[in-house]
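Here the sequence shown is numbered in our numbering, starting from 442 and rising by one per residue.
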Amino acid sequence: MAEWEAVIGLEVHAHLKTRTKMFCRCELEYGAGENTRTCPVCLAHPGALPVPNALAIEHTIKLGLALGCEISPHAIFARKNYFYPDLPKGYQISQYEQPLCGRGALTVPTPEGDEVVGITRAHLEEDAAKTVHAGGATGRSVGADYSLVDFNRGGTPLLEIVSEPDIRSADEADRFLRLLRQTIVELGVSDAEMEKGTMRADVNVSVRERGEEGFRPRWELKNMNSFTFIRRGIDAAVREQIAAYERGESLEQSTYDYDPDTDRLTVHRSKEEADDYRYFPEPDLVPVEPPAELVERLRAEIGELPGSRIRRIEAEIGFDPAYELVATGNEPKAVALVEHGVDWRTAANVAMNQLAAITPLPENVAGLAEIVEARDSLDRAAYTAAFAASAEQGFDAQATLAQTVTSDESALEPAIDAVIAGNPEQVESYRGGKEGVLGFLVGQVMKETQGKADPKVVNRLLREKLQP
Ligand SMILES: [Zn+2]
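Right, here's the structure in full:
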């Protein structure tokens with residue numbers, strides 16, 4: 442039986458974080474009422490002319506620099522012609538030859554070493570409007586009663602990043618995508634939220650026998666908007682392609698829809714129907730020639746990249762937790778706790794769990810760190826309460842801990858020993874069989890600890906210590 446390997450390339454789209462659209466001044470606002478953010482330019486009225494958004498160009502260059510791409514000294518906008526109701530001009534302004542960002546790479550850390558995934562290009566374009574198919578069961582055009590178009594999204598600046606087919610498994614694709622997403626978010630160029638539709642990916646999958654040169658026809662999974670579905674879609678495509686080849690069939694290049702409910706792929710369209718976009722340079726826009734000072738200013742704004750920080754933190758807590766911490770964006774919280782004396786492992790754990798939903802961190806990080814440090818000596822409920830209190834204004838960690846019930850045995854032991862030593866008669870009669878005396882001794886310990894001890898733990902510790 443042949444040994445197969447997957448060949449995967451990704452095209453990632455991210456909405457750029459700008460106040461206004463790519464070629465007009467309509468404001469971008471998630472959740473605004475339908476068709477309330479439109480103008481003659483983005484509705485393609487005759488004679489309306491596009492004016493490029495400078496910030497969108499800067500964002501694209503910045504991302505390109507972070508990926509080590511060559512920045513084009515002479516980038517060109519091009520018309521990509523096709524017809525669809527959500528594209529009023531009948532073409533999309535995109536980039537084809539001479540995109541803003543040429544070849545680069547993203548280095549993805551893995552437990553086995555670094556994996557370098559080539560970046561073919563990154564370019565800037567405008568998004569189409571949003572079509573909503575209503576009345577059908579699937580939300581697709583087939584079977585819908587009618588379709589509506591919301592032009593608010595039309596003209597949103599969109600960054601497209603195309604990778605080389607360097608990825609060999611669903612796991613690798615997942616790691617690449619999550620690292621790329623975190624890089625995009627940290628650079629401040631996009632929120633890249635799949636669930637809000639500000640990031641999506643097309644996934645190209647083919648398989649070949651290990652050692653085989655060249656590529657076989659690929660399947661393109663369009664508009665994937667969840668990391669989980671991307672993994673499952675890749676696995677399904679790989680599985681179905683291998684099965685087809687092993688049955689002796691041949692495959693053709695096609696576009697597929699992945700249905701997460703059935704875990705099946707259905708053909709969207711085959712190669713025969715592939716579009717010819719008749720690209721040509723956009724006559725209404727001059728080429729973009731980024732000045733060297735601009736490129737250098739943007740380069741200077743890029744900090745240490747996530748991949749490199751994963752390696753640094755890996756030395757403290759191991760690969761998987763380090764990757765999760767950085768890729769989920771919880772790392773700054775862990776770093777803040779570490780800076781206040783909490784050890785890395787505990788800090789990462791707290792940042793990934795209790796603090797995951799809390800943004801930003803409470804102002805009093807030092808106080809929070811004290812509570813975290815004391816967590817082993819507190820019972821669960823007391824720790825949760827103290828943790829929650831740390832977010833309040835004027836939080837005093839010392840005062841809170843002083844009033845908090847402690848179940849830490851090593852903290853209670855001195856008090857218990859003192860009570861045993863100070864009450865020889867009662868100890869004697871308990872040992873002689875008078876069970877009821879235990880309550881008195883527990884009371885003494887509570888007094889000794891100013892009521893902070895957990896009575897259940899005191900009770901158990903006293904019984905253990907007084908065993909004959
Ligand atoms: Zn507009």
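Ideal Cβ positions, reconstructed from N, Cα and C, are used throughout, including at glycine.
Residue i - partner residues in DSSP beta bridges
{"i": "phenylalanine 721", "result": "Arg520"}
{"i": "cysteine 542", "result": "Ile512, Ala563"}
{"i": "lysine 571", "result": "Asp591"}
{"i": "histidine 454", "result": "Glu601, Arg641"}
{"i": "tryptophan 785", "result": "Per DSSP, none; premise fails for tryptophan 785."}
{"i": "arginine 710", "result": "Thr696"}
{"i": "tyrosine 764", "result": "None, per the DSSP bridge assignment."}
{"i": "tyrosine 532", "result": "Asn522"}
{"i": "serine 831", "result": "Bridge partners of serine 831: none, in fact."}
{"i": "arginine 705", "result": "Asp700"}
{"i": "isoleucine 449", "result": "Ile608, Val646"}
Contacts around residue i, its chain only, beta-carbon distance under 7 angstroms, and the 5 residues preceding and following it disregarded
{"i": "glutamate 889", "result": "Ala856, Ala859, Val860"}
{"i": "alanine 788", "result": "Ala775, Leu778, Val779"}
{"i": "threonine 624", "result": "Ala507, Leu746, Pro747"}
{"i": "aspartate 849", "result": "Asp817, Ser818"}
{"i": "serine 610", "result": "Ala447"}
{"i": "alanine 497", "result": "Leu457, Thr459, Met463, Leu565, Pro598"}
{"i": "valine 813", "result": "Leu778, Val783, Thr787, Val791"}
Environment of residue i [buried if 16+ CB atoms lie within 10 Å]
{"i": "leucine 819", "result": "buried"}
{"i": "serine 513", "result": "buried"}
{"i": "serine 851", "result": "exposed"}
{"i": "tyrosine 824", "result": "buried"}
{"i": "lysine 521", "result": "buried"}
{"i": "valine 646", "result": "buried"}
{"i": "lysine 875", "result": "exposed"}
{"i": "arginine 641", "result": "buried"}
{"i": "proline 701", "result": "exposed"}
{"i": "serine 831", "result": "buried"}
{"i": "alanine 810", "result": "buried"}
{"i": "glycine 595", "result": "buried"}
{"i": "aspartate 607", "result": "buried"}
{"i": "aspartate 800", "result": "Reading off the sequence, residue 800 comes out as threonine, not aspartate. Threonine 800 comes out exposed."}
{"i": "glutamate 869", "result": "exposed"}
{"i": "glutamate 470", "result": "exposed"}
{"i": "alanine 516", "result": "buried"}
{"i": "asparagine 494", "result": "buried"}
Three-state secondary structure assigned by DSSP to residue i
{"i": "proline 747", "result": "helix"}
{"i": "glutamine 623", "result": "helix"}
{"i": "threonine 890", "result": "coil"}
{"i": "serine 610", "result": "coil"}
{"i": "proline 550", "result": "strand"}
{"i": "aspartate 555", "result": "strand"}
{"i": "alanine 630", "result": "The residue asked about is misnamed: residue 630 is valine in this sequence, not alanine. Coil, per DSSP."}
{"i": "isoleucine 911", "result": "As displayed, the chain neither begins before 442 nor continues past 909, which places residue 911 out of reach and without an answer."}
{"i": "asparagine 664", "result": "strand"}
{"i": "threonine 669", "result": "helix"}
{"i": "valine 648", "result": "strand"}
{"i": "valine 727", "result": "coil"}
{"i": "valine 806", "result": "helix"}
{"i": "leucine 902", "result": "helix"}
{"i": "arginine 460", "result": "coil"}
{"i": "valine 779", "result": "helix"}
{"i": "glutamate 468", "result": "strand"}
{"i": "glutamate 636", "result": "helix"}
{"i": "leucine 819", "result": "strand"}
{"i": "glutamine 844", "result": "coil"}
{"i": "alanine 485", "result": "coil"}
{"i": "leucine 490", "result": "coil"}
Integer Cβ distance of residue i from residue j, believed to fall under 8 angstroms
{"i": "glutamate 567", "j": "threonine 597", "result": "7 angstroms"}
{"i": "alanine 563", "j": "glutamate 601", "result": "7 angstroms"}
{"i": "arginine 649", "j": "glutamate 446", "result": "6 angstroms"}
{"i": "proline 529", "j": "threonine 572", "result": "Not quite, the Cβ-Cβ distance comes to about 12 angstroms (not below 8 angstroms), so this is no contact."}
{"i": "threonine 479", "j": "phenylalanine 592", "result": "5 angstroms"}
{"i": "phenylalanine 668", "j": "aspartate 632", "result": "Not really, about 15 angstroms apart at Cβ, beyond 8 angstroms."}
{"i": "leucine 620", "j": "alanine 768", "result": "6 angstroms"}
{"i": "glutamine 536", "j": "leucine 504", "result": "Contact flag wrong, Cβ pair sits at about 14 angstroms."}
{"i": "leucine 451", "j": "leucine 618", "result": "7 angstroms"}
{"i": "arginine 751", "j": "proline 550", "result": "Note that residue 751 is isoleucine in the sequence shown here, rather than arginine. So it is a contact: roughly 5 angstroms between Cβ atoms."}
Contacts around residue i, its chain only, beta-carbon distance under 8 angstroms, and the 5 residues preceding and following it disregarded
{"i": "lysine 585", "result": "Before going further, note that residue 585 is alanine rather than lysine in the sequence given. Result list for alanine 585: His574, Ala575, Gly576, Gly577, in chain order."}
{"i": "proline 896", "result": "Val883, Met887"}
{"i": "glutamine 867", "result": "Val878, Phe881, Leu882"}
{"i": "isoleucine 502", "result": "Ile512, Leu541, Cys542, Pro731, Leu735, Val736, Leu739"}
Own chain, CB closer than 6 angstroms to residue i, minus 5 neighbours either side, in chain order
{"i": "tyrosine 699", "result": "Leu662, Gly674, Leu706"}
{"i": "glycine 545", "result": "Leu508, Gly509, Cys510, Ile560"}
{"i": "glutamate 772", "result": "Leu766"}
{"i": "valine 590", "result": "Pro526, Asp527, Ala570, Thr572"}
{"i": "phenylalanine 760", "result": "Pro552"}
{"i": "glutamate 757", "result": "Trp785"}
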